[in-house]
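Visitor: Supplied in structure tokens, the structure appears directly below.
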Amino acid sequence: MRAQNLISALFLIFIVFGSSAMGKGPVRGRRPCRSLVFYFHDIIYNGKNSKNATAAIVGAPAWGNKTILGGKNHFGDLVVFDDPITLDNNLHSTPVGRAQGFYIYDKKDVFTAWLGFSFVFNSTEHKGSINFAGADPLMNKTRDISVVGGTGDFFMARGIATLTTDAFEGEVYFRLCVDIKLYECW
Amino acid sequence: MRAQNLISALFLIFIVFGSSAMGKGPVRGRRPCRSLVFYFHDIIYNGKNSKNATAAIVGAPAWGNKTILGGKNHFGDLVVFDDPITLDNNLHSTPVGRAQGFYIYDKKDVFTAWLGFSFVFNSTEHKGSINFAGADPLMNKTRDISVVGGTGDFFMARGIATLTTDAFEGEVYFRLCVDIKLYECW
Amino acid sequence: MRAQNLISALFLIFIVFGSSAMGKGPVRGRRPCRSLVFYFHDIIYNGKNSKNATAAIVGAPAWGNKTILGGKNHFGDLVVFDDPITLDNNLHSTPVGRAQGFYIYDKKDVFTAWLGFSFVFNSTEHKGSINFAGADPLMNKTRDISVVGGTGDFFMARGIATLTTDAFEGEVYFRLCVDIKLYECW
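Residue numbers (my numbering), protein chains in the order written: chain B, 145 to 330; chain A, 145 to 330; chain W, 145 to 330.
Printed below as a string of structure tokens:
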């Protein structure tokens, strides 16, 4: 009889404690709680393409200018962008959101950039934003940056985004594939 | 007798385990563990107001300049700021801290910016900093950005800050209301 | 007999629950789960040192230029850097990684900057990156910024980095000591 009461007590405690520790708070773990793949498309202003350009050079070192990415692997060029996000690798697909922020080329002897930007969604599929920051050694096949936060559907998200250069054309267009894996989901 | 020992063991384990899981670590959940509301005031340098200005344009696209926010919804203008934080919406109230960092206008067809900044406090009320990052589609009534970290009184904080444009005057002054909700408190 | 079964059940539940809550997820707490100390070295381009420079001014206010840090405590100067990281305070030690990103001087009446950067490692010792953001009131002996994320060996890291100016020479060279304490380790 006492033992049976104990079993009840045990389960009660387990339920109460389990829910307080796991129910209200976020899901976190070594396996992604959410995976998403997107493409975004960057067309840099070169003095002639103001209609199509989605990005512009707004900072440059003393030796640079703002209508062409500079020498020394573009070291010091700061680019602001508002790029369409698509579900496939076609620039002309209907955008599902915008990638907005900046990158700075930050290395003299190889192409490398530092990124601070957001994915901004406002569709039936997704509402909210995902915020990213990190180093992009863009000559590597894949590079990992951090998902540092999110809002709306991505409330408080954290994770890793793996970037791949899917295509580039001269110094005006490039397309990145972004494989987002969230390890904290609320 | 054995059953009574079991009850003791049960509670002992619960206490030990409960404290190890919840006592030393942070509080996290779907409800804010801390809420704070502040205002900050941005006065952009326009070539004439160097005494009062709290912000300056330091990057601009090829078609822009640095004493007036540019066309195309200021696309490409990078602004650095050190703005007073107040508890109410009065520019002349005693500041309780400084909002320091930058924003970049990043969209050609509507006012939108990307923000990276900190609230820095050093008063009897608050010591430490709160670090923010995210997209600010500033024509929306409210916009959510991420609290990506904190120091001092805000050690390891994470959360969401909801921005509202409380006032603006031409292209020189604006005031933001920042409603901070932390969901991770340590 | 029943009581003995209960003990077994109890331990089983404890093990299962304990492992699900603590085994798969990260370690978090008020004591650092990992501590690391590094130095990095910043040599700002001044128009003459292009060979040795590791940093360059790429944004400046209307009254500034890009070969010398400006007046008003460098307010508005945006600097991009790719600095060697060393284990000791010797500029000529073998680098163990690169500190890459930017800082912006953001206060008129005292030296203060805002930092967004990464430590990028690719050695036998460390592979991966640590991402930082925060305010740097650099006249203070120590300043705390946030570790907002990490990749590779520093997967999903969060913590605090305490900065100390270890040395500076005029307005061309400075060396920071970075004492990293992680409070979330995965």
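Note that the Cβ used here is the ideal one computed from N, Cα and C, for glycine as well.
1) The alpha helix (DSSP H) spanning K216 (chain W) covers which residue range?
2) From K325 (chain W) to A301 (chain W), what distance separates their C-alpha atoms?
3) Could you have a look at W258 (chain W) and say whether DSSP puts it in helix, strand or coil?
4) In chain order, what residues of the same chain lie with their CB nearer than 8 Å to the CB of F219 (chain W), ignoring the 5 residues before and after it?
5) If you draw a straight line from the C-alpha of T238 (chain W) to the C-alpha of N193 (chain W), how long is it?
6) May I have a chain-ordered list of the beta strand (DSSP E) segments no shorter than 3 residues that lie completely inside the stretch 256–328 of chain A?
7) Answer with yes or no whether the minimum CB distance from V181 (chain W) to chain A is below 8 Å.
8) Tell me the DSSP secondary structure of Y247 (chain B) in three-state form.
9) Beta carbons nearer than 8 Å to chain A: which residues of the stretch 274–287 of chain B have them?
10) Reducing DSSP to helix, strand and coil, say where V181 (chain W) ends up.
11) Closer than 9 Å, Cβ to Cβ, to anything on chain A: give me those residues from the stretch 188–215 of chain W, in chain order.
12) How would you label K210 (chain W), buried or exposed, when you count the other beta carbons within 10 angstroms and need 16 or more for buried?
13) Which ranges does the alpha helix (DSSP H) cover as unbroken runs of at least 4 residues, wholly within the stretch 190–241 of chain B, from first to last along the chain?
14) For the stretch 220–231 of chain W, which residues have a CB atom closer than 8 Å to at least one CB atom of chain B, in sequence order?
15) Closer than 7 Å by beta-carbon distance: list the chain W residues that pair up with P314 (chain A), in chain order.
16) Answer yes if the stretch 221–231 of chain B comes into contact with the stretch 181–188 of chain B, meaning at least three C-beta pairs across the two stretches below 8 Å, and no otherwise.
17) Between N275 (chain B) and R319 (chain B), what straight-line distance do the alpha-carbon atoms span, to the nearest angstrom?
18) Roughly how far, in whole angstroms, is the beta-carbon of G260 (chain B) from the beta-carbon of G272 (chain W), given that I think they are within contact range, below 8 Å?
19) Please tell me whether G245 (chain A) and W258 (chain W) are closer than 8 Å, where the distance is taken between their beta carbons.
20) Return the chain-ordered list of same chain residues with a C-beta closer than 8 Å to the C-beta of V316 (chain A), the five sequence neighbours on each side being excluded.
21) Is S290 (chain A) closer than 8 Å to T295 (chain B) when the C-beta atoms are compared?
22) With a 10 Å radius around its C-beta and 16 neighbouring C-beta atoms as the bar for buried, classify A305 (chain B) as buried or exposed.
23) Can you name the residues of chain B whose CB is closer than 9 Å to the CB of T268 (chain W)?
24) Please identify the residue among B:T309, B:G293, B:G241 whose C-alpha is closest to the C-alpha of M283 (chain B).
25) From the beta carbon of W258 (chain B), is the nearest beta carbon of chain W less than 8 Å away?
26) Please classify T286 (chain W) as buried or exposed, where buried requires at least 16 neighbouring CB atoms within 10 angstroms.
27) Counting only the same chain and skipping the five closest in sequence on each side, list residues whose C-beta sits under 6 Å from that of F312 (chain W).
28) Pull the bridge partners of K172 (chain A) from the DSSP assignment, please.
29) Return the chain-ordered list of same chain residues with a C-beta closer than 7 Å to the C-beta of V264 (chain W), the five sequence neighbours on each side being excluded.
30) Counting only the same chain and skipping the five closest in sequence on each side, list residues whose C-beta sits under 8 Å from that of E269 (chain W).
31) Do we get a CB-CB distance below 8 Å when we pair G173 (chain A) with the residues of chain B?
32) For G215 (chain A), count the other beta carbons within 10 Å of its own beta carbon; 16 or more makes it buried, fewer makes it exposed. Which is it?
33) Would Y247 (chain W) pass as an interface residue toward chain A - the criterion being a Cβ-Cβ separation below 8 Å?
34) At the level of alpha carbons, what is the spacing between F298 (chain W) and N233 (chain A)?
Guide: The relevant details are as follows:
1) 215–218
2) 10 Å
3) strand
4) P205, Y249, D250, K251, K252
5) Roughly 21 Å separates the two Cα atoms.
6) 257–266, 271–280, 286–296, 302–313
7) no
8) strand
9) N275, A277
10) strand
11) V202, G203, A204, P205, A206, W207, G208
12) buried
13) 215–218
14) L222, V224, F225, D226
15) Before going further, note that residue 314 (chain A) is Gly rather than Pro in the sequence given. Correct list: empty, because the minimum Cβ distance to chain W is about 18 Å.
16) yes
17) 19 Å
18) So it is not a contact: roughly 19 Å between Cβ atoms.
19) yes
20) I187, I188, N190, N193
21) Yes, Cβ-Cβ distance for T295 (chain B) and S290 (chain A) is below 8 Å.
22) buried
23) Those within 9 Å of T268 (chain W) in chain B number zero; the least Cβ separation is about 18 Å.
24) B:T309
25) yes
26) exposed
27) F318
28) For the record, residue 172 (chain A) in the displayed sequence is Arg; it is not Lys. Under DSSP, R172 (chain A) shares a beta bridge with A:E328.
29) G241, R242, Q244, S273
30) Counting only Cβ-Cβ distances below 8 Å, and skipping sequence neighbours, we find V240.
31) Yes, contact with chain B.
32) exposed
33) Closer than 8 Å: no.
34) Taking C-alpha positions only, F298 (chain W) is separated from N233 (chain A) by approximately 42 Å.
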